[in-house]
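Residue numbering for the sequence shown follows my numbering, starting at -14 and increasing by one per position. Presented below is the structure to which this report refers.
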Amino acid sequence: MNENINKLGTKEALLYAVTDAKTPNNGIITGISSLISYDKNTVLQKDIVTYPDDTTAFVMSAPTTRMTTEVNVKMLSAAASGTLISNGDVITNAGQTSMALVIFENNTGMCCVMDEEEDEDLKAKGIII
């Protein structure tokens, strides 16, 4: 991010989820989209979450991420930290720490690539979900 963006006041940052994203109930998500971020597939709604007891669930729609892609003539939203899973679980570890949707105080948003220092700063402020 740059200093001009920081002047807008960051309200929230959602890290986009990629393959190997995790949930608090030990679910591991496999992204199957052709959207690649840091050599991993981006997780989309309907992607599968696998649990240690061999049960599965799927990623729910995540319209707040503001990123969609067309798969088999259907528009699917990209998942991010905070996205719900069909069994009530939630994505808490996105599997990466640099690509995020940053939402500003005026409710506008943009996709940003953050460095490690920016990630740690936003986590310390409680802004990253």
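We treat Cβ as the ideally placed atom computed from N, Cα and C, and that holds for glycine. Just so you know, these numbers come straight off a predicted model, no measurement behind them.
Asked: Touching by the beta-carbon criterion (3+ pairs, under 8 angstroms), the stretch 7 to 19 and the stretch 68 to 85; Found: yes
Asked: CB of Y1 within 8 angstroms of CB of A42, strictly; Found: no
Asked: K108, DSSP secondary structure in three states; Found: helix
Asked: Distance, M60 Cα to V44 Cα; Found: 14 angstroms
Asked: Sub-8 angstroms separation of M84 and S22 beta-carbons; Found: yes
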